[in-house]
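Contents: one structure, followed by commentary.
In our numbering, the protein residues as written are 12 to 56.
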């Protein structure tokens with residue numbers, strides 16, 4: 012998934028205006044932080 016996101020983001024960021032690219036990059040950063048906070052393994056409920 013990481014490779015797909017990287018490749019897609021790189022292609023997209025090359026096509027948009029700098030201000031929009033910055034916003035997309037910030038969103039990717041937020042998304043990345045959320046994934047990092049996600050618990051690993053199976054959790055018994």
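For each residue, glycine too, the CB sits at the ideal point set by N, CA and C.
Supposed contact pair residue j and residue i - C-beta distance, whole angstroms, cut 8 Å
{"i": "residue 27", "j": "residue 39", "result": "No, residue 27 and residue 39 are not in contact; Cβ-Cβ is about 13 Å, not under 8 Å."}
Same chain only: Cβ atoms within 6 Å of residue i, ignoring 5 sequence neighbours per side
{"i": "residue 25", "result": "none"}
Reference residue i, options the options, closest by Cα
{"i": "residue 32", "options": "16, 21, 12", "result": "21"}
{"i": "residue 14", "options": "37, 30, 43", "result": "43"}
{"i": "residue 16", "options": "51, 50, 46", "result": "46"}
Where the alpha helix (DSSP H) containing residue i begins and where it ends
{"i": "residue 27", "result": "Run containing residue 27: none; DSSP gives neither H nor E here."}
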